[in-house]
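Those sequence lines, one after another, are chains R and E. The first sequence begins at 1 in the UniProt record's numbering and counts up one residue at a time. The second sequence begins at 1 in the UniProt record's numbering and counts up one residue at a time.
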Amino acid sequence: MSGVPASEDATPTAAAHPVLELRGITVRHGNVPALNRVSAALPGGRITCVLGENGSGKSTLVSVLSGLQRYDEGELRVDGVPVRFRSARQARDLGIATVWQDLAVAPLLSVWRNFFLGVEPTRGVWPLRRLDIAGARQTTVRALARVGISGLDPDQPASSLQAGERQSLAVARALHFGARALVIDEPVTPMTVARQTLFGQAVLAARAQGLAVVVVTNNPRYAHLIGDRFLLLAHGQVAGSLTRDDVDADDLTALMAGGEQLTTLTDALTELHPELGDR
Amino acid sequence: MSDRLPAFGTVRAAGSSDRRFLTRALARPSLPAAVGLVVVVAFFSLQAPALRTVGGLATVLDVAASLGIGAVAVALLLIAGQFDLSVGVMALASSLLSALLIGPGGWPVWPALTASLLAALLVGVVNGVLVVNTGLPSFLVTVATFLVLQGTALAGFEAFAGSTQVRGLDSAQGWSSAAAVFGSFAEIGAGRFHVALLWWLGATALATWALWRTRFGNAVFAAGGARQAARELGVPVRRTTVALFCLTATAGWLIGTLGLFRLESVQLSNAGLGTGLDFVIVAVIGGCLLTGGYGSAVGAAVGALLYAVARQGITLAGWDPRWFQVFLGAVLLVALLTNGVVRRRLKARPRS
Chain R
1 MSGVPASEDA TPTAAAHPVL ELRGITVRHG NVPALNRVSA ALPGGRITCV LGENGSGKST
61 LVSVLSGLQR YDEGELRVDG VPVRFRSARQ ARDLGIATVW QDLAVAPLLS VWRNFFLGVE
121 PTRGVWPLRR LDIAGARQTT VRALARVGIS GLDPDQPASS LQAGERQSLA VARALHFGAR
181 ALVIDEPVTP MTVARQTLFG QAVLAARAQG LAVVVVTNNP RYAHLIGDRF LLLAHGQVAG
241 SLTRDDVDAD DLTALMAGGE QLTTLTDALT ELHPELGDR
Chain E
1 MSDRLPAFGT VRAAGSSDRR FLTRALARPS LPAAVGLVVV VAFFSLQAPA LRTVGGLATV
61 LDVAASLGIG AVAVALLLIA GQFDLSVGVM ALASSLLSAL LIGPGGWPVW PALTASLLAA
121 LLVGVVNGVL VVNTGLPSFL VTVATFLVLQ GTALAGFEAF AGSTQVRGLD SAQGWSSAAA
181 VFGSFAEIGA GRFHVALLWW LGATALATWA LWRTRFGNAV FAAGGARQAA RELGVPVRRT
241 TVALFCLTAT AGWLIGTLGL FRLESVQLSN AGLGTGLDFV IVAVIGGCLL TGGYGSAVGA
301 AVGALLYAVA RQGITLAGWD PRWFQVFLGA VLLVALLTNG VVRRRLKARP RS
């Protein structure tokens, strides 16, 4: 992968068709719309941060993009082609990987089974088709090493992992299977700076590979640090769609009080990705 | 740019291999049942010496086999977080239907068996689709199925057959070939070992392989242990659940068919909710968590063996057979408590 973080002149096809595009998506829970005619383009090689209060439809948006939630109206396009996902499986097949808010880790399953859950590698032909366990273990160990987790037994149950390790598992899985888009719904509970840095790292790595990256976060300052574009949601509607040029750091930062954690986070990320300092 | 991120995550040394071996042995769902089995065998071989003969072994395995076939299927369903109380009545109803088609209906044996299997699968699909689509507790859905099925089977049988039993099935076309598959036995000494034993072992082996070595097994574990996560990752939870209800229905059909060829006749009798509950009890004794996500087919087989040893042991020891219920209740309670400990140990983790 020789790609540097994409600049404005992305590849022509990507420019013609954003990797993901929402056109007038409406999701109703009963009479109440969780999303109301939401339109947004999520191009490859860009980080789009979705911001909004609780209940503004952020998580519903993630569910729609990941194929878990069906929508009542509108159109979802992947690389310009309209799709209608009937399950999360179909979204994964198209290379849309999600880090779910609850991490989607089954506590009683081993680490490698969690890593491949839903897309298990198999060998052999049908009645004898079986899991490729050795291959799955190896891939899991390698993918976990990529996010800085080593020395983990892939056979241990996920319940024995520490909270941070479980987050890493979810991130490593999304990075491994995300070929087109990476959708991150950040845990609501506060994360340590090290964990937030891990999520930031994952996001930047995915952008460098030209993926469309969607980050749902409650932290506007963090969003401004990593984001290229900002989608503001309120009451299920798009309240604002901004690019980096539209807002300066303070506009988003002013929304949030307390800066110590962010300072540490900024330092950690700038050290690893010097190009961030230029912003 | 390299696609490798710098390492800054928690690095943990792998635990020593001794400790891991111990943890893994303790993590086996079938371990408590195996310990219980050893205790029960030791106890009853002293109390009832007849249990130690070949004949005693044969009767124990006979009880265990038909119970085990159902328990293995129910164990898979429990792992996926669902209940099925209709297995017992499924056995009764499919043997009644087969007998009705073969005897008064005059069908050849194999088509009759196929028809009753299809009927069982239909009930399984209905169970599964109802549970999946309504979100009702499967416990209640299958109790409803149990009632409907039992009433239909008993009343329908008597109406069509005109009596409460059908005899002389063995003159039907294809009986001998079907009897070789479902009704043959081997005499070893004083014991008669039925072919049901092979079906039981086969079902246990197949279920174990499917659980640990196939995508289906992964889906079963995930559907019970973390349904939301499974949905988020695109695991076909609904399809897996319906398939498992078909599996328990098939197990019921197999038990009924084995019984049919054993007796070569059918007699109307109430299946009772207890027969359906026995399979669940045995699966729980075998280490399945009622909350799903944990358990094993081997555990269910061991549980069936424990059940059979205790029941035959109490009979052979000359005690009042009603003591068996007391025993079963006590064992179930111990199993539930043990499983509770296991569950807490597995789930004890910081939430994030």
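For glycine and all other residues, C-beta sits at the position ideal for the given N, C-alpha and C. No experiment lies behind these values; they were computed from the predicted model shown.
query	result
In whole angstroms, what separates the C-alpha of residue 364 of chain E from that of E:V284?	The structure shown does not extend to residue 364 of chain E, since chain E is modelled only from 1 to 352, so the question has no answer here.
Since E:A222 meets chain R, which of its residues come closer than 7 Å, beta carbon to beta carbon?	A106, L109, L117
Is DSSP giving R:E120 helix, strand or coil here?	coil
According to DSSP, what are the bridge partners of R:E75?	R:R23
Please decide whether R:E120 counts as near chain E, where near means a Cβ-Cβ distance under 8 Å.	yes
Going by the CB atoms, is the gap between R:R221 and R:T243 shorter than 8 Å?	no
Starting from the Cα of E:L136, find the closest Cα among E:G81, E:P236, E:L328 and give me that residue.	E:G81
Cα separation between E:V309 and E:V40?	7 Å
Under the rule that 16 or more other beta-carbon atoms within 10 Å means buried, what is R:P187, buried or exposed?	buried
Shortest alpha-carbon distance to E:T315 belongs to which of E:V35, E:A48, E:R28?	E:A48
Tell me, which residues are paired with R:I96 by DSSP?	R:A181
Does the segment 137-146 of chain R come within contact of the segment 264-277 of chain E, defined as at least 3 CB pairs closer than 8 Å?	no
Can you list the residues of chain E that R:A223 reaches, using a CB-CB cut of under 9 Å?	Here the premise fails: no neighbours, minimum Cβ distance about 21 Å.
Can you look up R:H235 in the DSSP assignment and give me helix, strand or coil?	coil
Output the distance between the C-alpha atoms of E:A330 and E:V280, rounded to the nearest integer angstrom.	15 Å
Consult DSSP for R:F230 and reduce its assignment to one of helix, strand or coil.	strand
Hey, R:S87 and E:G234: beta-carbon distance below 8 Å or not?	yes
Give the straight-line distance between the Cα atoms of E:G88 and R:V111, rounded to the nearest whole angstrom.	37 Å
Which of helix, strand or coil does DSSP assign to R:F85?	coil
Can you find a CB in chain E that lies within less than 8 Å of the CB of R:A88?	yes
What did DSSP end up calling E:F83 once you bin it into helix, strand or coil?	coil
Output, in chain order, the set of chain E residues within a Cβ distance shorter than 7 Å of R:R92.	G234
Of all the beta strand (DSSP E) runs that stay within the bounds of the segment 148-215 of chain R, which reach a length of 3 or more residues?	181-185
So the candidates are R:N218, R:R166, R:L225; which of them puts its Cα closest to the Cα of R:N114?	R:R166
Does any residue of chain R have a CB that is nearer than 8 Å to the CB of E:Y307?	no
If you measure from the beta carbon of R:D102 to each beta carbon in chain E, is any gap under 8 Å?	yes
Considering only the alpha carbon of each residue, which of E:G128, E:A33, E:A120, E:L289 lies closest to E:R345?	E:L289
Hey, does R:L211 have any beta-carbon neighbour from chain E nearer than 8 Å?	no
Starting from the N-terminal side, write out each stretch of the alpha helix (DSSP H) that is 4 residues or longer and does not extend beyond the segment 219-297 of chain E.	227-232, 237-263, 272-285
DSSP three-state call for R:V247: helix, strand or coil?	coil
Per the contact definition of three or more C-beta pairs closer than 8 Å, is the segment 123-143 of chain E in contact with the segment 59-66 of chain E?	no
Which residues does DSSP pair with R:A41 in a beta bridge?	R:E21
Quick one: is E:T257 buried, meaning 16 or more other Cβ sit within 10 Å of its Cβ, or exposed?	buried
Considering Cα atoms alone, identify which of E:Q312, E:N270, E:R322, E:T248 is closest to E:T152.	E:N270
Taking 8 Å as the cut-off, decide whether the C-beta atoms of R:L103 and R:A170 are in contact.	yes
Say whether chain E places a C-beta atom closer than 8 Å to the C-beta of R:R130.	yes
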